[in-house]
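Peer 1: If you're matching them up, the sequences are chains A and B in order.
Per the working numbering, the first sequence starts with residue 60, numbered consecutively.
Per the working numbering, the second sequence starts with residue 394, numbered consecutively.
Glycine is no exception: its CB is placed at the ideal position from the N, C-alpha and C atoms.
Predicted model, so just to flag it, every value in this text is computed and none were measured.
I have a structure here, written as structure tokens, and I will follow up with some questions on it.
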Amino acid sequence: MSCGTGGSSCETPRRRGAFVVLAILALIFVVLSIFSFLKSRNQVTPDTVSFGPYQAADGKRVFQAYNCMGCHTMVGNGAYLGPDLTQEYKHAGPAWLAAFLPSAGGWPTTAAVRAQLLDPNQQADGGTDSIEAYLKKFPGAAERIERRGGGTTMMPNLPLTKDEIGQLIAYLKYTSAMNTEGWPPKVEVQGFDRRVQLAHGVIATAEAAPAPAAPTAAAPATVDPVAHGAQLVKDNGCVACHATDDKKLVGPGWGGLYNSTVKLSDGSTVIADDAYLRESIRQPNAKIVAGYPTGVMPAYETLLKDDEVNAIVAYLHSLEKQ
Amino acid sequence: MQIEFQTQRLSMRFFMLMLVLFVLQVGYGLLLSLQQTDPTVLAGVMNFNVARAEHLNLGILWILCGFIGAILFVGPLLAKREMVAPWLIKLLFYAVIVIAVWNFFTLRLAQFGIAGWWQGQPWLQQGLEYLEAGRIAGVLVLIGFAILAYVVLRTFPPVRQWNEIHWGLGLGVSALMAVWVFGLFYVARLDLQEYFRWFVVHYWVEGVWEVIHITLVGFLLVLMFKVDVKSVGFAVFWGVMLVWLSGLIGNAHHYFWIGTPEFWQFWGSLFSALEPLPLVFCFWHIYLDAHVNKRPLENAPAFYFILGSVVLEQIGAGILGFTMTFALTNVWSHGTWVTPGHAHLALFGTFGMLGIAAAYYAVPLLRKVPNYDQRLGKLGFWLVLTGVLGMAFSFAIGGTVQIYVYRILGLDWFGGDVARAMGVFKLMLPLFGTVFAVGAGVLAYDLLTLGRRVAVPAGTDAHGEAATAHATTRWSRPLSGFEAGIWLMLMWIFGTIITLGLLSFNLPRVRVEGDPTLPYLLAGVGYPGLLLVTLLFVWRFLASMEARANAVAAPSLLRVLPAQA
Chain A
60 MSCGTGGSSC ETPRRRGAFV VLAILALIFV VLSIFSFLKS RNQVTPDTVS
110 FGPYQAADGK RVFQAYNCMG CHTMVGNGAY LGPDLTQEYK HAGPAWLAAF
160 LPSAGGWPTT AAVRAQLLDP NQQADGGTDS IEAYLKKFPG AAERIERRGG
210 GTTMMPNLPL TKDEIGQLIA YLKYTSAMNT EGWPPKVEVQ GFDRRVQLAH
260 GVIATAEAAP APAAPTAAAP ATVDPVAHGA QLVKDNGCVA CHATDDKKLV
310 GPGWGGLYNS TVKLSDGSTV IADDAYLRES IRQPNAKIVA GYPTGVMPAY
360 ETLLKDDEVN AIVAYLHSLE KQ
Chain B
394 MQIEFQTQRL SMRFFMLMLV LFVLQVGYGL LLSLQQTDPT VLAGVMNFNV
444 ARAEHLNLGI LWILCGFIGA ILFVGPLLAK REMVAPWLIK LLFYAVIVIA
494 VWNFFTLRLA QFGIAGWWQG QPWLQQGLEY LEAGRIAGVL VLIGFAILAY
544 VVLRTFPPVR QWNEIHWGLG LGVSALMAVW VFGLFYVARL DLQEYFRWFV
594 VHYWVEGVWE VIHITLVGFL LVLMFKVDVK SVGFAVFWGV MLVWLSGLIG
644 NAHHYFWIGT PEFWQFWGSL FSALEPLPLV FCFWHIYLDA HVNKRPLENA
694 PAFYFILGSV VLEQIGAGIL GFTMTFALTN VWSHGTWVTP GHAHLALFGT
744 FGMLGIAAAY YAVPLLRKVP NYDQRLGKLG FWLVLTGVLG MAFSFAIGGT
794 VQIYVYRILG LDWFGGDVAR AMGVFKLMLP LFGTVFAVGA GVLAYDLLTL
844 GRRVAVPAGT DAHGEAATAH ATTRWSRPLS GFEAGIWLML MWIFGTIITL
894 GLLSFNLPRV RVEGDPTLPY LLAGVGYPGL LLVTLLFVWR FLASMEARAN
944 AVAAPSLLRV LPAQA
């Protein structure tokens, strides 16, 4: 395909014509772009969205700092290891996110979400402080708890602080409110069980994660307090953050913790006796162990009865350093 | 051919650096494919997002090294004089190494949530796909591009004397720098951030790299077949122009679902459907250039990789890009494994293979071993080609399953539902990845040590076989234009089947009743069909080229025939 034996370039006149057409196309593109970001488009912007004291605009910075897009997609762009996060807030709600994010390695249980609902920010944002109403409002949270609660996830734990978690929730609230022109497409296959059956050829309940059946069958109070404590720890999803040996997950490991000397963040030391352990469950922010962030663990003051706290402490006595 | 200009030798270091970065990138790719099957692999040490950031970052860097190497090698030939300011080129080389090492340390900070915020900008890393590097690296890269553009434009003759190759490279290196600027500021709105992010990513790939690619393919063919520049001028001109005319508004296919208005769906579907045109053009052009003159292949691996580059551009960028470019198909493929199938073929295939082709052309000349042993190069080619086609197959079919489970059935538990359904294809990925990695290792070893190993034994030709072994009949008979057209048509027929498969997710039978038979069937025919036809076509094309080795060389005065004369 030769263009002959003319001068050094025989395409000069055509090049001029092509540049003119290119300029027209560029103009079209610029006009379309301007219309895309006009105020009349009514697209939500991050400066108008907040969660409690936290701003969505700050959440976007946290989202980028942890390179969330390196595993997840956001408006469908990013990596494909984990789910799309655009509408995660809309599906699971702020309390589930607050229970999940600090200990992303484990799926939150009902009790873990309930603990978050004590937070006034959560009550204001979710519009309720009752777990039943919350799960009704955010069916995605109910489905996640029922099928996965207490199990382990594919996601590593991230060193998120309390503020970063609030900011991320605000950011996900913003992306949930965005108009993405109908993406992701609405699911139109009816019936959850049917959908799971179509995916795997089996009924959902047969495949469910280990946790769901247990909570209602809570052990009678007469049983061994250590076993009772172990059950409570499981139901409340404590092990999402605390290892039963002395490893650091999100919070301190429990193995050999009882009666050991603990260094606190204010520089003082304390013996991990019964009183200390009870206080750390009821008001975890009263004494923070050196090297751990404040405000990540919810207070169990009103969530656990005295005998339940004692059972958990008894269970902690039984854990040896490994 | 002799090396005429001393500054051509500067390309050598960039080719060597390219190979090192390539092997590292493939290593990260293998790790990622293992983490896809088992996310606990190296969790907490090298999380998936960090490995992926490195994988993308190194991918861009080594492709750029290949471009720079190729441009430095052909630049003096185009200018008919030495490159200006060789010290700047040496500086550029060290800058690339510094950036690669810097990114290795800064991208890791994502595991600790450190972006290095200062003056409202993330200076260390910014957690945006393809643009993960922070502002410090970004500014360094901008300086690097400025050096490249300065050196190339200063070396070239005055604009009035430019031919099509000068135009393509001149526009390419300038636009490379200009487009990068759009990635250098923090945007608070998600929709606006994605809008500008695609300025860099789309316009780089479909605006700038494509232009450099078409131009370099044209000029390498000129060098390899010793024809006149004018014989490719026409194809380079129309290739470049069609790339820009379709790709400028074609960027709209990234604006379907990011929060921008619906009208982009119309413009994106229309213009990006035209984007394969220049690629079909380029495909046809390599056929003509390679077949109208009957010279034997002197440097087989170099031509193998040029052919691979043009064919995979046709398949990966052209056909697979086309299948997912319409709003009605993209709504399903978007955000699934279907897209990396396209991306791996398009990025490695088109741009990576071009860099390797340029290295195979230049390195033997620079090391003065024109009669080098070509067997390892050919072996490496077949390994990476098979590997990348297999990876694309795993991605595409795995992605089809993912669309069904994730989008049609709405199950969003990756551990329990989505990954489980995709299981087989997640396992196939590291398998083909290993084939690819072995190929990459062979290529890197061959090129790094080329000319330092034992020469070809006497009695065999450079292809390592007795010259009479080549049959000129049947599979290796000359490839006619009609036959090449049939192959191209077959590829597009399978492309159409894939498009219909993605479209069929819209049917009530699939979407409401949840019956995946039709999309699975169409994908199950379309993807393997397309990839097999690709493999067979490359084999057939190269067999016909190899057969020339023992054909009587055509009279040396015969230049490329004007096809339309």
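1) Can the beta-carbon of Lys221(A) be found closer than 8 Å to that of Thr353(A)?
2) Please decide whether Ala568(B) counts as near chain A, where near means a Cβ-Cβ distance under 8 Å.
3) Looking at C-alpha atoms only, which residue of Ala877(B), Asn899(B), Leu524(B), Gln514(B) is the closest neighbour of Ser937(B)?
4) Rank Trp455(B), Tyr765(B), Leu564(B) by C-alpha distance to the C-alpha of Ala695(B) and give the top, closest one.
5) Let me know if Glu247(A) comes out buried or exposed under the rule of 16 or more other beta-carbons within 10 Å of its beta-carbon.
6) Using only CA atoms, which one of Leu614(B), Pro550(B), Leu635(B) lies nearest to Glu668(B)?
7) Using only CA atoms, which one of Ser624(B), Leu782(B), Leu772(B), Tyr588(B) lies nearest to Leu521(B)?
8) With a threshold of 7 Å on Cβ separation, who are the neighbours of Leu227(A) within its own chain once the five nearest residues in sequence on each side are excluded?
9) Going by CA-CA distance only, name the one from Met476(B), Ile540(B), Glu475(B) that's closest to Tyr487(B).
10) Is Gly129(A) close to chain B? Criterion is C-beta to C-beta, closer than 8 Å.
11) If we count the other Cβ atoms within 10 Å of its Cβ and call it buried at 16 or more, is Leu914(B) buried or exposed?
12) Is there a Cβ of chain A sitting closer than 8 Å to that of Thr910(B), yes or no?
13) Looking at the C-beta of Met356(A), does it have a partner C-beta in chain B at a distance below 8 Å?
14) Apply the 10 Å Cβ neighbour rule to Val438(B) and answer buried if 16 or more other Cβ atoms are within range, or exposed otherwise.
15) Might you give, ordered along the chain, the residues of its own chain that have their beta carbon closer than 6 Å to the beta carbon of Phe887(B), omitting 5 neighbours on each side?
16) Does any residue of chain A bring its CB to less than 8 Å from the CB of Ala503(B)?
17) Pull up the CB-CB distance for Glu706(B) and Gly742(B), whole angstroms please, since I reckon it's below 8 Å.
18) Tell me, please, whether the CB atom of Glu247(A) is closer than 8 Å to any CB atom in chain B?
19) From this set, Leu881(B), Gly711(B), Met815(B), which residue's C-alpha is nearest Val598(B)'s C-alpha?
20) Name the one or two DSSP bridge partners that Leu690(B) has.
21) Which residues of chain A have a Cβ atom closer than 9 Å to the Cβ of Pro515(B), listed in chain order?
22) My assumption, with CB atoms under 8 Å, is that Phe460(B) sits in contact with Gly734(B). Please give the rounded CB distance.
23) Should the stretch 604-615 of chain B be regarded as contacting the stretch 664-682 of chain B, the criterion being three or more beta carbon pairs within less than 8 Å?
24) According to the neighbour-count rule (16 or more other Cβ atoms, all chains shown, within 10 Å of its Cβ), is Arg846(B) buried or exposed?
25) Do Ala497(B) and Glu447(B) have their C-beta atoms within less than 8 Å of each other?
26) Taking DSSP as the reference, what is the three-state secondary structure of Lys322(A)?
27) Looking at C-alpha atoms only, which residue of Ala812(B), Phe715(B), Gly527(B) is the closest neighbour of Gly894(B)?
28) Along the stretch 140-154 of chain A, where does the CB come closer than 8 Å to a CB of chain B? Name the residues.
29) Can you list, in chain order, the residues of its chain with a C-beta nearer than 7 Å to that of Tyr421(B)? Leave out the 5 residues immediately preceding and following it.
30) Please report the residue range of the alpha helix (DSSP H) in which Ile712(B) lies.
31) Could you tell me which chain B residues have their CB closer than 8 Å to the CB of Thr239(A), listed as they occur along the chain?
32) Taking 8 Å as the CB-CB cut-off, is Asn692(B) touching chain A?
33) What do you get for Thr548(B), buried or exposed, if any count of 16 or more other CB atoms within 10 angstroms of its CB means buried?
34) Quick check: Thr718(B) and Ser787(B), are their CB atoms within less than 8 Å of each other?
35) Does Asn101(A) have its Cβ less than 8 Å from a Cβ in chain B?
36) Report the start-end ranges of each alpha helix (DSSP H) in the stretch 499-574 of chain B that is 4 residues or longer and not cut off at the edges.
Peer 2: So, from the data block:
1) Locating residue 221(A) in the first sequence gives position 162, where the first residue counts as 1. Locating residue 353(A) in the first sequence gives position 294, where the first residue counts as 1. Contact: yes.
2) Here residue 568(B) is taken as the residue at index 175 of the second sequence, counted from 1. So no, Ala568(B) is outside the interface.
3) Translated into the one-based positions of the second sequence, residue 937(B) becomes position 544. Nearest C-alpha to Ser937(B): Ala877(B).
4) For the purposes of this step, residue 695(B) is taken as residue 302 along the second sequence, with counting starting at 1. Cα-wise, what sits closest to Ala695(B) is Tyr765(B).
5) Translated into the one-based positions of the first sequence, residue 247(A) becomes position 188. So Glu247(A) ends up on the exposed side.
6) The count along the second sequence starts at 1 and reaches residue 668(B) at position 275. Of Leu614(B), Pro550(B), Leu635(B), the residue nearest in Cα terms is Leu635(B).
7) Within the second sequence, residue 521(B) is the residue found at index 128, counting from 1. When only C-alpha atoms are compared, the closest one is Tyr588(B).
8) Looking up residue 227(A) in the first sequence gives position 168. Residues Gly118, Val121, Phe122, Leu160 of the same chain have their beta carbon placed closer than 7 Å to that of Leu227(A), with the five preceding and five following residues left out of the count.
9) Counting from 1 along the second sequence, the entry for residue 487(B) is found at position 94. That would be Ile540(B), whose Cα lies nearest to the Cα of Tyr487(B).
10) For the purposes of this step, residue 129(A) is taken as residue 70 along the first sequence, with counting starting at 1. Yes, contact with chain B.
11) On the second sequence, residue 914(B) is found 521 positions in, with the first residue counted as 1. Exposed.
12) Translated into positions along the second sequence, residue 910(B) becomes position 517. Chain A contact via Cβ: absent.
13) For the purposes of this step, residue 356(A) is taken as residue 297 along the first sequence, with counting starting at 1. Output row for Met356(A): interface = no.
14) Indexing the second sequence from 1 puts residue 438(B) at position 45. Answer is exposed; the Cβ neighbour count stays below 16.
15) Within the second sequence, residue 887(B) is the residue found at index 494, counting from 1. The answer, listed in chain order, is Gly919, Gly922, Leu923.
16) One-based indexing of the second sequence puts residue 503(B) at position 110. Cβ-Cβ to chain A under 8 Å: yes for Ala503(B).
17) Counted from its first residue, the second sequence places residue 706(B) at position 313. Counted from its first residue, the second sequence places residue 742(B) at position 349. Confirmed, about 6 Å.
18) If you number the first sequence from 1, residue 247(A) lands on position 188. Chain B, which has a Cβ nearer than 8 Å to the Cβ of Glu247(A), makes this yes.
19) Taking the first residue of the second sequence as position 1, residue 598(B) is located at position 205. If we check each option's Cα against that of Val598(B), Gly711(B) comes out closest.
20) The residue given as residue 690(B) occupies position 297 in the second sequence. Leu690(B) is not bridged to any residue.
21) Stepping through the second sequence from its first residue, residue 515(B) is reached at position 122. Within chain A, the residues Arg120, Gln123, Ala124 have their CB atoms less than 9 Å from the CB of Pro515(B), given in chain order.
22) Within the second sequence, residue 460(B) is the residue found at index 67, counting from 1. Within the second sequence, residue 734(B) is the residue found at index 341, counting from 1. Between Gly734(B) and Phe460(B) the Cβ distance is about 24 Å, and since that is not below 8 Å, they are no contact.
23) yes
24) What you label residue 846(B) is simply residue 453 of the second sequence in a count that begins at 1. It is exposed - the Cβ of Arg846(B) has fewer than 16 other Cβ atoms within 10 Å.
25) Here residue 497(B) refers to the residue found at position 104 of the second sequence. Here residue 447(B) refers to the residue found at position 54 of the second sequence. With the sequence shown as reference, residue 497(B) is identified as Phe, and Ala is not the correct amino acid for it. Yes, Cβ-Cβ distance for Phe497(B) and Glu447(B) is below 8 Å.
26) Locating residue 322(A) in the first sequence gives position 263, where the first residue counts as 1. Of the three classes helix, strand and coil, the one that applies to Lys322(A) here is strand, per DSSP.
27) By one-based count along the second sequence, residue 894(B) stands at place 501. The candidate whose alpha carbon is nearest that of Gly894(B) is Phe715(B).
28) Leu140, Gly141, Pro142, Asp143, His150
29) On the second sequence, residue 421(B) is found 28 positions in, with the first residue counted as 1. If we look at Tyr421(B) and ignore the five residues flanking it on each side, its Cβ neighbours are Ala444, Glu447, His448, Leu451.
30) Sequence index remark: in the second sequence, residue 712(B) carries index 319 (1-based). Ile712(B): not part of any alpha helix (DSSP H); DSSP gives it neither H nor E.
31) Locating residue 239(A) in the first sequence gives position 180, counting from the first residue. Here the neighbours are Trp650, Ile651, Gly652.
32) If you number the second sequence from 1, residue 692(B) lands on position 299. Residue-level contact by beta carbon fails for Asn692(B) and chain A, as no gap is shorter than 8 Å.
33) Walking along the second sequence from the start, residue 548(B) turns up at place 155. By the 10 Å Cβ count, Thr548(B) comes out buried.
34) Residue numbering aside, residue 718(B) sits at position 325 when the second sequence is read from its first letter. Residue numbering aside, residue 787(B) sits at position 394 when the second sequence is read from its first letter. No, they are not a contact pair.
35) If you number the first sequence from 1, residue 101(A) lands on position 42. With 8 Å as the cut-off, Asn101(A) does not count as an interface residue toward chain B.
36) 528-548, 557-573
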